[in-house]
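Below is one structure, written out as structure tokens; the observations come after it.
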Amino acid sequence: MAVFLHRLGRWAFHRRKTVLLAWLIALVAFGGLAGAFSRDADAQLTIPGVESVNALETLQERFPGGAAGGATARVVFAAPEGAAVTDPELTSAIQQALTEAADAEQVAAVSDPFQAQAVSQDGSTAYATVSYDVQVNEITDDARAELLAIADGAEDAGLQVEFGGEATQAIPAQGAAEAIGVLVALVVLAVTFGSLLAAGLPLLTALIGVGVGMAGVLALSAVIDLTSTTPTLGLMIGLAVGIDYALFISIRHKEQLAAGVDARESAGRAVGTAGSAVVFAGLTVMIALAGLTVVGIPFLTTMGLVAAGMVGVAVLVALTLVPALLGFAGNRFDRWKVPGLRRRQAALATKESAGTRWAGLVTRRPLPVLLVGIIGLGIIALPALDLRLGLPTEGDLGEETTQRQAYDLLSEGFGPGFNGPLTVLVDAADADDPQTAFTDTAAGIGELDGVAAVAPPIPNETGETAIISVIPDAGPADAATENLVRDIRTLRPDLTESTGSELAVTGNTALGIDISEKLGDALPVFLVVVVGLAFLLLLLAFRSILVPIKAVLGFLLSLAATFGALVAVFQWGWLASALGVESTGPVLSFLPILLIGLLFGLAMDYEVFLVSRMREDHVHGAEPKEAVIGGFRHGARVVTAAALIMGSVFGGFILGDDATIKSIGFALAFGVLVDAFIVRMAIVPAVMTLLGKAAWWLPRWLDRALPDVDIEGAALERREPAPRPDVDLVSAER
Numbered sequence: 001m002a003v004f005l006h007r008l009g010r011w012a013f014h015r016r017k018t019v020l021l022a023w024l025i026a027l028v029a030f031g032g033l034a035g036a037f038s039r040d041a042d043a044q045l046t047i048p049g050v051e052s053v054n055a056l057e058t059l060q061e062r063f064p065g066g067a068a069g070g071a072t073a074r075v076v077f078a079a080p081e082g083a084a085v086t087d088p089e090l091t092s093a094i095q096q097a098l099t100e101a102a103d104a105e106q107v108a109a110v111s112d113p114f115q116a117q118a119v120s121q122d123g124s125t126a127y128a129t130v131s132y133d134v135q136v137n138e139i140t141d142d143a144r145a146e147l148l149a150i151a152d153g154a155e156d157a158g159l160q161v162e163f164g165g166e167a168t169q170a171i172p173a174q175g176a177a178e179a180i181g182v183l184v185a186l187v188v189l190a191v192t193f194g195s196l197l198a199a200g201l202p203l204l205t206a207l208i209g210v211g212v213g214m215a216g217v218l219a220l221s222a223v224i225d226l227t228s229t230t231p232t233l234g235l236m237i238g239l240a241v242g243i244d245y246a247l248f249i250s251i252r253h254k255e256q257l258a259a260g261v262d263a264r265e266s267a268g269r270a271v272g273t274a275g276s277a278v279v280f281a282g283l284t285v286m287i288a289l290a291g292l293t294v295v296g297i298p299f300l301t302t303m304g305l306v307a308a309g310m311v312g313v314a315v316l317v318a319l320t321l322v323p324a325l326l327g328f329a330g331n332r333f334d335r336w337k338v339p340g341l342r343r344r345q346a347a348l349a350t351k352e353s354a355g356t357r358w359a360g361l362v363t364r365r366p367l368p369v370l371l372v373g374i375i376g377l378g379i380i381a382l383p384a385l386d387l388r389l390g391l392p393t394e395g396d397l398g399e400e401t402t403q404r405q406a407y408d409l410l411s412e413g414f415g416p417g418f419n420g421p422l423t424v425l426v427d428a429a430d431a432d433d434p435q436t437a438f439t440d441t442a443a444g445i446g447e448l449d450g451v452a453a454v455a456p457p458i459p460n461e462t463g464e465t466a467i468i469s470v471i472p473d474a475g476p477a478d479a480a481t482e483n484l485v486r487d488i489r490t491l492r493p494d495l496t497e498s499t500g501s502e503l504a505v506t507g508n509t510a511l512g513i514d515i516s517e518k519l520g521d522a523l524p525v526f527l528v529v530v531v532g533l534a535f536l537l538l539l540l541a542f543r544s545i546l547v548p549i550k551a552v553l554g555f556l557l558s559l560a561a562t563f564g565a566l567v568a569v570f571q572w573g574w575l576a577s578a579l580g581v582e583s584t585g586p587v588l589s590f591l592p593i594l595l596i597g598l599l600f601g602l603a604m605d606y607e608v609f610l611v612s613r614m615r616e617d618h619v620h621g622a623e624p625k626e627a628v629i630g631g632f633r634h635g636a637r638v639v640t641a642a643a644l645i646m647g648s649v650f651g652g653f654i655l656g657d658d659a660t661i662k663s664i665g666f667a668l669a670f671g672v673l674v675d676a677f678i679v680r681m682a683i684v685p686a687v688m689t690l691l692g693k694a695a696w697w698l699p700r701w702l703d704r705a706l707p708d709v710d711i712e713g714a715a716l717e718r719r720e721p722a723p724r725p726d727v728d729l730v731s732a733e734r
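Note that the UniProt record's numbering has the sequence shown beginning at 1, numbered continuously upward.
Printed below as a string of structure tokens:
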């Protein structure tokens, strides 16, 4: 593979105009398709086959066009201090606003809070339910705008008007926060290369790759359903790996130019060696992400495949566009020196690097370093023992949003459980007396602990099915509400026996609980599949049994520490205000399984790049300890820069407003930095030193069976002198 990639790099260098033009054409073409066919990312976080989803589908069938069948929104009215919503002038303003809401586009019905007893006991708050005749993903922007516009007249009368519910949730827009991560990446690149031209190249290629990838994803949205998180996740991953992969190749090119290698040959060798590591690192990430398909959850499958596609584009960019732009730079790759860094760059060229000194320390004291690393990560991981999973609620949104303010007003006026009602579907088609079955079911549920109120059953037109709204004592993210859902389902056999009816629990709160349980059950299967496939890939790359095992165990340490940090910040609230976390609660239910796929692949980037340099020195005859130090001499600086870049890109998303993206950005930034600096740059060299030559042990029969992929580029050392610059990639052009 190294020889092929070497030829590819030389060809891209020589045909740089053709390669650049091809990528620009792809960018314009996919951009045009995206502009013509893209649609909003509006897929819902649901899992086919679980009780809450099945019950919701039944509701939509048996209550067509009603509140149970379409999307809903809540309009919350709060009286000014010293007044009540029942004051005549305020009541008139509320009724006028609700009349306007009833005339809005796609609205099927609007409840009257004064007839539906939807006024708080102190009279400070009232709410109305707006029911749509379409599902949430079919509500138009105009319909949302019409609903929000009804607030104007009521606010003129002195009322505070806020909106909540699924129908008010618009697609979050990309903010400028992530640009901060890109700026930090540029600074790190400038310090690493000491040249603005060299620093700008990885960033430029990454942006082109992200542009092509994101345009392709948006074009595909015409035929596949995307959640609102999916494009942002693709952007996050594409930027991070795109910059890193270009950095790996560019830094090798810089080293070879400094050694006097011809620019075109240097580009070929950089792609043949560092590019081999990029290919295997990228494949590992893609396998991990594509492995999300085995979970059988549609929205996770889409997330994984989109992110894997972005990584694939980043690999192709690194292997073709990067050497092409190196061709444009030629021997002037280090142009536009960064002021103030010339002396530092000269000093680095004449003295032992920090990475070499650190590797020397670790190889002299491997056992203490190993123990400190493992114990430290173990302590950070302890909060993970209290991990609770759930879906985000409107209480997790920023305090400035109307949804969060509506959530808070309802909690204050009606109790915390009002924002997490449970919908119980009662099917009494086989009951002798359906009305009695409905009443008895409601009475039985009302006797359970944790129930604040049970609304009277609402039957459908045929009278065989009813819905019962149950208000818990606790909020939707509280463990007590989760226990209540389980208690209702545990009560089901007794109620079925006594009433002859069947019941099922649904609603957003129950849906979140079911998704969390389903994801928890899928986690071990996914972990085994991803780790197993990646182990085989690393076995092929390093031709060793112990190195892949070490890589996997190190990843598990990083993962445990990341889960611990997530719980400490997002569940316990440590440093929450400093990070802009508005409220604490369960960790996002799909984050652990998504994090496994993402973090495993990204962690293997540094494993492949760092250990491949160790193997390269080992293959060339170095002793194990010298190979470890040699790997750090060449790889520590670039791995440090790459980890800082990836951490800053992910960290930039922490500054955004979306709670889901904030938690994903934090988890990835923390996980990447911990894995790079503690596991890969401390624990890995310590373990490699302790293992010695045994680290590269491979049974002879397996050695003969495995193909030689030559990730370290040893075959390049055995090749004849490099061909003349006019020799092309294919023999027909010789």
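A virtual CB, placed ideally from N, CA and C, is assigned to each residue, including glycine.
Bear in mind that the values here come from a model prediction, so they are computed numbers and not experimental data.
query                                                                                                                            : result
For SER52, the first and last residue of its enclosing alpha helix (DSSP H)                                                      : 51 to 62
Distance CB(ALA167)-CB(VAL110) smaller than 8 Å                                                                                  : no
Anticipated Cβ contact below 8 Å, HIS634 with TRP696, distance rounded                                                           : At roughly 18 Å, the Cβ-Cβ gap does not stay under 8 Å, so HIS634 and TRP696 are not in contact.
Option nearest THR509 by Cα separation, candidates PRO472, ASP605 and GLY652                                                     : PRO472
For ASP449, the nearest candidate out of GLU412, ILE488 and PHE418 (CA to CA)                                                    : ILE488
Close Cβ partners of ALA277 (< 8 Å) along its chain, the five nearest in sequence each way excluded                              : PHE248, VAL608, PHE609, SER612 and ILE711
Inter-stretch contact (C-beta, 8 Å, three-pair minimum) for the segment 354 to 361 and the segment 208 to 217                    : no
Straight-line gap, PRO231 to VAL306 (C-alpha atoms, nearest Å)                                                                   : 8 Å
Cutoff 8 Å; reference PRO366; Cβ partners in own chain excluding five residues on either side                                    : PRO685, ALA686, VAL687, THR689 and LEU690
Residues near VAL261 in its chain [Cβ-Cβ closer than 8 Å; skip 5 each side]                                                      : ARG269
At least three beta-carbon pairs within less than 8 Å, the segment 641 to 658 to the segment 553 to 571                          : no
Beta-bridge pairing of residue 753 - partner residues as DSSP gives them                                                         : The structure shown does not extend to residue 753, since the chain is modelled only from 1 to 734, so the question has no answer here.
Inter-residue CB distance, PHE77 and ALA154 (contact presumed, cutoff 8 Å)                                                       : 7 Å
Cβ-Cβ distance between VAL424 and VAL470 below 8 Å                                                                               : yes
CB contact check: GLY242 to chain D, cutoff 8 Å                                                                                  : The chain labelled as chain D is not found in the depicted structure, where only one protein chain is given.
Cβ-based neighbour list, MET310, same chain, cut-off 7 Å, excluding 5 preceding and 5 following                                  : GLY213, GLY234, ILE237 and GLY238
Contacts around LEU33, its chain only, beta-carbon distance under 6 Å, and the 5 residues preceding and following it disregarded : ALA219
Distance between ASP675 and SER558 (C-alpha atoms, nearest Å)                                                                    : 5 Å
Exposure label - VAL223; buried when at least 16 CB within 10 Å                                                                  : exposed
Residue span of the alpha helix (DSSP H) that contains THR506, given as start and end                                            : It is not in any alpha helix (DSSP H) - THR506 instead sits in the beta strand (DSSP E) that spans 502 to 506.
Helix, strand or coil at VAL119 [DSSP, three-state]                                                                              : strand
THR423 - DSSP class collapsed to helix/strand/coil                                                                               : strand
Contact check, LEU321 vs VAL19, beta carbons under 8 Å                                                                           : yes
Under 8 Å between C-beta atoms of TYR407 and GLY415                                                                              : no
Stretch-stretch touch, CB-based, cutoff 8 Å, three pairs: the segment 698 to 708 with the segment 623 to 633                     : no
Three-state secondary structure (DSSP) of ARG724                                                                                 : Bear in mind that a pLDDT of 43 at ARG724, under 50, signals an unreliable position, so the model cannot answer this.
Where the alpha helix (DSSP H) through ALA259 begins and ends                                                                    : First-last for ALA259: undefined, no H or E at that position.
Sheet register partners of SER131 (DSSP bridge)                                                                                  : THR72 and ALA109
Range of the contiguous alpha helix (DSSP H) that encloses SER411                                                                : 402 to 414
At least three beta-carbon pairs within less than 8 Å, the segment 584 to 602 to the segment 286 to 302                          : yes
Residues near GLY66 in its chain [Cβ-Cβ closer than 6 Å; skip 5 each side]                                                       : Here the model assigns GLY66 a pLDDT of 49, short of 50, so the residue's position is not dependable, and the following value carries that caveat. Taken in chain order, the list of residues that qualify is empty.
Unbroken stretches of the alpha helix (DSSP H), 4 residues or longer, contained in the segment 299 to 380                        : 322 to 329, 342 to 350 and 354 to 364
CA-to-CA distance, SER124 to ALA429, given in whole angstroms                                                                    : 42 Å
Residue nearest to ASN419 in terms of C-alpha spacing, selected from ASP386, GLN403 and ALA431                                   : GLN403
The segment 189 to 205 / the segment 319 to 335 touching (three or more Cβ pairs under 8 Å)                                      : yes
Cα-Cα separation, PRO392 to LEU588                                                                                               : 6 Å
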